[in-house]
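Trainee: Supplied in structure tokens, the structure appears directly below.
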């Protein structure tokens with residue numbers, strides 16, 4: 145007798161479960177709320193992601209400039225002059241010319257610059273006697289930006305303090 149009662153409950157449970165399965169759609173309001181939340185999250189995350197990517201590219205450029213500066217200082221100690229070209233140094237810079245523009249000027253205190261082609265961020269270092277006089281610890285590496293580029297200024301501020309101000313702002317990288 146107990147078995148017949150439990151069997152009679154199965155059809156009513158099955159009917160209720162069947163109704164739940166058939167009612168699986170979202171309402172338009174629910175979908176709009178989800179799209180709105182995703183849009184807000186994307187609007188918050190995208191600028192932060194972009195700045196993180198730009199900062200990682202700047203860190204890559206800083207590493208290249210510091211390697212060049214160190215190698216150039218070794219060359220200066222050995223030969224008494226700055227290296228005539230980057231090829232004369234004992235390092236392989238491995239610079240992606242699709243991402244960066246590279247400038248080396250012996251006439252301007254053995255200045256080495258690497259500029260990001262996408263956002264214009266310029267990392268530079270001086271060498272020779274100028275670097276020895278200005279930077280006793282040997283790290284004469286700067287982030288150089290124009291005064292009207294607020295985004296690049298905020299990026300350079302994360303690497304070090306403002307060193308000099310003129311036509312451009314020079315942030316000393318530590």
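Numbering (this note's numbering), first residue to last: 145 to 318.
Just so it is clear, CB atoms sit at the ideal spot from N, CA and C, and this is done for glycine as well.
Just so we're clear, the structure is a prediction, and the values are computed from it rather than from any experiment.
(1) Just to confirm, are residue 237 and residue 208 a CB contact at a threshold of 7 Å?
(2) Taking 6 Å as the limit between beta carbons, can you name the residues of its chain near residue 96, skipping five residues before and five after?
(3) Would you call residue 317 buried or exposed, if buried means 16 or more other Cβ atoms sit within 10 Å of its Cβ?
(4) Report buried or exposed for residue 312, applying the criterion of at least 16 other Cβ atoms within 10 angstroms of its Cβ.
(5) Contact check, residue 287 vs residue 300 under 8 Å by CB: the rounded distance?
(6) Confirm, please, whether the CB-CB distance from residue 205 to residue 258 is below 7 Å.
(7) Assuming residue 272 and residue 221 make a contact with CB atoms under 8 Å, what is their CB distance in whole Å?
(8) Across which residues does DSSP place residue 302 in a beta bridge pair?
Mentor: Answer, in terms of the structure:
(1) yes
(2) Beyond the ends of the chain as shown, which are 145 and 318, falls residue 96; an answer cannot be given.
(3) buried
(4) exposed
(5) The pair is a contact, with the Cβ atoms about 4 Å apart (cut-off 8 Å).
(6) For residue 258 and residue 205, yes; Cβs fall inside 7 Å.
(7) The pair is not a contact, with the Cβ atoms about 11 Å apart (cut-off 8 Å).
(8) DSSP lists no partner for residue 302.
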